[in-house]
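Novice: For reference, the structure I am asking about is given below.
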DNA sequence: AGGTGTGTTGAA
DNA sequence: TCAACACACCTG
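Residue numbers (the UniProt record's numbering): 1 to 307.
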């Protein structure tokens with residue numbers, strides 16, 4: 001499961017509910033859609049929980065969570081961002097701190113929603129509180145010189161294709177990303193790793209070993225990164241770690257990327273992964289066919305607009 | 001295949 | 001505004 005500090009207003013009292021009979025069993029979810037006792041939280045068919053908030057007649061999806069209490073906190077964060085600190089929340093006792101309010105104010109609604117959906121809100125808030133001191137200054141990315149390069153990889157077509165996973169070269173994986181069965185962050189198989197990108201944004205990927213292909217891979221969360229950055233086969237991704245603090249610094253890592261120069265083809269997003277793949281395979285990074293295919297509205301995760 | 005998130009509807 | 005419900009489509 002995801003760590004307990006997924007989403008939340010600093011505190012964590014909440015004697016509300018969880019105390020008593022903590023779900024006799026998750027067994028009833030097959031046919032009985034037990035409604036959530038939390039505002040903005042809806043049950044998912046598989047027993048998990050979704051969070052959503054409404055903004056001017058439109059639903060804004062805040063992501064899915066394994067625990068309805070965490071989903072409820074995600075809703076609370078969104079509620080404050082969308083409706084102000086007076087908004088009705090699931091945990092009235094846990095009001096956001098001044099710092100968190102500043103953090104929220106410093107980010108657009110869609111940015112906050114993205115963090116919630118990626119389950120990186122808590123991590124980004126920590127950074128914001130740490131770095132962007134004083135008024136809710138925008139989060140400043142960690143300067144490159146504070147990062148120690150671990151390794152780079154030129155992404156393959158399948159790394160940016162519909163497989164939604166990045167194969168981490170075994171040598172680098174075993175050297176830099178030892179896959180331990182550590183207590184926390186362990187999700188069934190694999191672990192959840194946080195990476196800060198060049199903009200100071202945090203990404204969470206599931207990292208695991210696939211027996212079938214005998215390879216180490218970054219899976220869940222990776223496709224979102226590929227999509228947002230518009231990564232194409234031939235581009236390079238670099239993984240680094242903090243040069244100072246112990247690498248145990250909240251096991252915070254960095255991920256950066258570099259586009260390979262292409263013929264006057266701006267950073268088109270590969271909406272059509274298949275076409276992008278075929279093109280890249282043949283041309284070996286040298287692109288001719290212009291259209292990266294962005295034009296039409298982005299699909300999937302395009303949501304919420306700004307005030 | 002399983003899970004996520006949207007379409008949609010009716011109630012608050 | 002909001003959640004129940006169904007299910008198309010995406011991801012892992």
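Every residue gets a Cβ at the ideal spot worked out from N, C-alpha and C, and that includes glycine.
Taking only the alpha-carbon atoms, compute the straight-line gap between residue 68 and residue 50 and give it to the nearest angstrom.
Specialist: To locate residue 68, count along the first chain from 1; it is residue 68. To locate residue 50, count along the first chain from 1; it is residue 50. Approximately 8 Å between the Cα atoms of the pair.
Novice: Measure the Cβ-Cβ separation of residue 170 and residue 216 and say whether it is below 8 Å.
Specialist: On the first chain, residue 170 is found 170 positions in, with the first residue counted as 1. On the first chain, residue 216 is found 216 positions in, with the first residue counted as 1. Taking C-beta atoms as the reference points, residue 170 and residue 216 count as a pair closer than 8 Å.
Novice: Beta carbon of residue 235, beta carbon of residue 207: below 8 Å?
Specialist: Numbered from its first residue, the first chain carries residue 235 at position 235. Numbered from its first residue, the first chain carries residue 207 at position 207. Going by C-beta atoms, residue 235 is not nearer than 8 Å to residue 207.
Novice: Let me confirm a value: residue 75 is counted as buried when at least 16 other C-beta atoms fall within 10 Å, else exposed. Which label applies?
Specialist: Taking the first residue of the first chain as 1, we reach residue 75 at position 75. Counting Cβ neighbours within 10 Å, residue 75 comes out buried, since at least 16 surround it.
Novice: Please report how far the alpha carbon of residue 244 lies from the alpha carbon of residue 146, in whole angstroms.
Specialist: Stepping through the first chain from its first residue, residue 244 is reached at position 244. Stepping through the first chain from its first residue, residue 146 is reached at position 146. In this structure, the alpha-carbon of residue 244 lies about 7 Å from that of residue 146.
Novice: Leaving out five residues on either side along the sequence, give the residues of the same chain with a beta carbon under 8 Å from the beta carbon of residue 190.
Specialist: For the purposes of this step, residue 190 is identified with residue 190 of the first chain, where counting begins at 1. Cβ neighbours of residue 190 beyond the five flanking positions: 179, 206, 207, 208, 209 and 219.
Novice: How would you label residue 310, buried or exposed, when you count the other beta carbons within 10 angstroms and need 16 or more for buried?
Specialist: No answer is possible for residue 310: the residues shown for the chain start at 1 and end at 307.
Novice: Can you tell me the Cα-Cα spacing of residue 110 and residue 197, whole angstroms?
Specialist: As a working mapping, residue 110 is identified with position 110 in the first chain. As a working mapping, residue 197 is identified with position 197 in the first chain. Each residue's Cα considered, the two are about 18 Å apart.
Novice: Per the contact definition of three or more C-beta pairs closer than 8 Å, is the segment 44-63 in contact with the segment 116-126?
Specialist: yes
Novice: Which complete alpha helix (DSSP H) runs does the segment 28-102 hold, if anything under 4 residues is left out?
Specialist: 68-83
Novice: Rounded to a whole number of angstroms, what is the C-alpha to C-alpha distance between residue 39 and residue 92?
Specialist: Here residue 39 is taken as the residue at index 39 of the first chain, counted from 1. Here residue 92 is taken as the residue at index 92 of the first chain, counted from 1. If I take the Cα positions, the gap works out to 12 Å.
Novice: Using the Cα positions of residue 202 and residue 159, report the straight-line distance between them to the nearest angstrom.
Specialist: As a first step, residue 202 must be located in the first chain, where it is residue number 202. As a first step, residue 159 must be located in the first chain, where it is residue number 159. Distance between the alpha carbons of residue 202 and residue 159 is about 20 Å.
Novice: Taking the runs of the alpha helix (DSSP H) that are 4 residues or longer, which of them lie wholly in the UniProt domain "TF-B3" (151-261)?
Specialist: 170-176 and 222-229
Novice: Which whole-angstrom value is the C-beta distance of residue 131 and residue 140, which I expect to be below 8 Å?
Specialist: Locating residue 131 in the first chain gives position 131, where the first residue counts as 1. Locating residue 140 in the first chain gives position 140, where the first residue counts as 1. Yes, residue 131 and residue 140 are in contact; Cβ-Cβ is about 6 Å, under 8 Å.
Novice: Looking at residue 233 and residue 155, is the spacing between their C-beta atoms short of 8 Å?
Specialist: Position 155 of the first chain, counting from 1, holds the residue named residue 155. Position 233 of the first chain, counting from 1, holds the residue named residue 233. Their beta carbons are under 8 Å apart, which means residue 155 touches residue 233 by this criterion.
Novice: Would you mind working out which of 94, 222 and 167 sits nearest residue 211, comparing C-alpha positions?
Specialist: Locating residue 211 in the first chain gives position 211, where the first residue counts as 1. It is 167 whose Cα lies nearest to the Cα of residue 211.
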